[in-house]
Amino acid sequence: MDDVREPTTPAGTVGIRDLVTIELPATAAYLAVLRTTTASLAARLDFTLDDIEDLRIAVDEACSLLLGTSPPDAVMSCAFELTGDGLEITVTAPGTRSVPKDSFAWNVLAALAGHVETRAESDGRQSIVLLKRRGTDT
């Protein structure tokens, strides 16, 4: 885990941003690792139990969407960025098909995580980014 010091805030305190990254085989057998990591990190940020469960389901759904287009020997990566009040999760895997924003799966992700976006990476991989802030619906 990397601690990145941010500039001093007006109140005189220093903010810390933690970045946790995991790489694993892009198979459904390893999704439990990401679900458990998601729950642990969200609990560390004092998310409610409902929000923790929503994030676990959202990560599972995002991974499942990306696994559908990944070759059998692919590697999936997941980056968790923790800030004072939020958790940004970026799941990336090989694949050329993006998730349509008018699909049922997209609506589920948006409802569970608050903010969702997709990115086509320059190396031919697809990313789904989930952002949830503590104490808000987004």
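Going letter by letter, the sequence shown gives residues 19 to 156 in the working numbering.
Glycine residues also receive a C-beta, built at the ideal position from the N, C-alpha and C atoms.
Taking the Cβ atoms as the reference, VAL93 lies roughly 6 Å from ALA44, within the contact range of under 8 Å. Secondary structure note for GLU71: its alpha helix (DSSP H) is the uninterrupted segment 67 to 85. Of the candidates THR136, THR87, ASN125, SER95, SER95 places its Cα closest to the Cα of TYR48. For ALA97, same chain residues with a beta-carbon under 6 Å away, outside a window of 5 residues either side, are THR39, THR108 in chain order. C-alpha of LEU148 to C-alpha of ASP78: approximately 12 Å in a straight line. DSSP places THR108 in the uninterrupted beta strand (DSSP E) bounded by 104 to 112. Taking one beta carbon from each stretch, the segment 133 to 148 and the segment 63 to 81 have 3 or more pairs nearer than 8 Å; the two touch.
For VAL93, the enclosing beta strand (DSSP E) covers residues 93 to 100.
Here the alpha carbon of LEU37 sits roughly 22 Å from the alpha carbon of SER140.
Using a Cβ distance threshold of 9 Å, LEU59 and VAL51 do not count as a contacting pair. Looking at the backbone, the Cα of PRO112 and that of ARG143 are separated by about 4 Å. If you look at VAL134, you'll find it isn't in any alpha helix (DSSP H); it sits in the beta strand (DSSP E) that goes 133 to 138.
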